[in-house]
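Peer 1: Right, I'll just put the structure down here and ask away after.
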Amino acid sequence: MDVRDSNGNELQDGDSVTLIKDLKVKGTSETIKRGTLVKNICLNGREGEVECNTKQVKGLVLKTEFVKKA
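Just so you know, the numbering used here puts the end of the sequence shown at 76, numbered straight through with nothing missing.
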């Protein structure tokens with residue numbers, strides 16, 4: 007399956023991505039800021055989504071429309 011970032015670049019397991027928009031995390035009071043580098047993403051088999059961990063939140067699922075390949 008083809009998973010692509012907001013610019014159309016193909017994403018692979020272990021890639022690093024950068025957020026292109028401030029994102030509120032559901033269920034918490036955390037906001038992850040635009041420009042945050044997220045390392046070592048994991049493809050979860052669902053189109054348009056990747057899983058990752060940040061300093062603030064573990065087990066985060068991000069929509070690929072809000073990230074670009076670093």
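Think of the CB as a built atom: it goes at the ideal place given N, C-alpha and C, for glycine as much as any other residue.
Checking the sheet assignment: what are the DSSP bridge partners for V73?
Peer 2: According to DSSP, which records beta bridges pairwise, V73 is partnered with L25.
Peer 1: Just to check my reading of the structure: S12 and E71 have Cβ atoms closer than 8 angstroms, yes? What is that Cβ distance to the nearest angstrom?
Peer 2: 5 angstroms
Peer 1: I'd like to check one pair, V23 with E53: are the Cβ atoms closer than 8 angstroms?
Peer 2: no
Peer 1: In angstroms, rounded to a whole number, what distance separates the CA positions of A76 and L43?
Peer 2: 8 angstroms
Peer 1: What does a CB cutoff of less than 6 angstroms around G20 pick up in its chain, not counting 5 residues either side in sequence?
Peer 2: The residues are N46.
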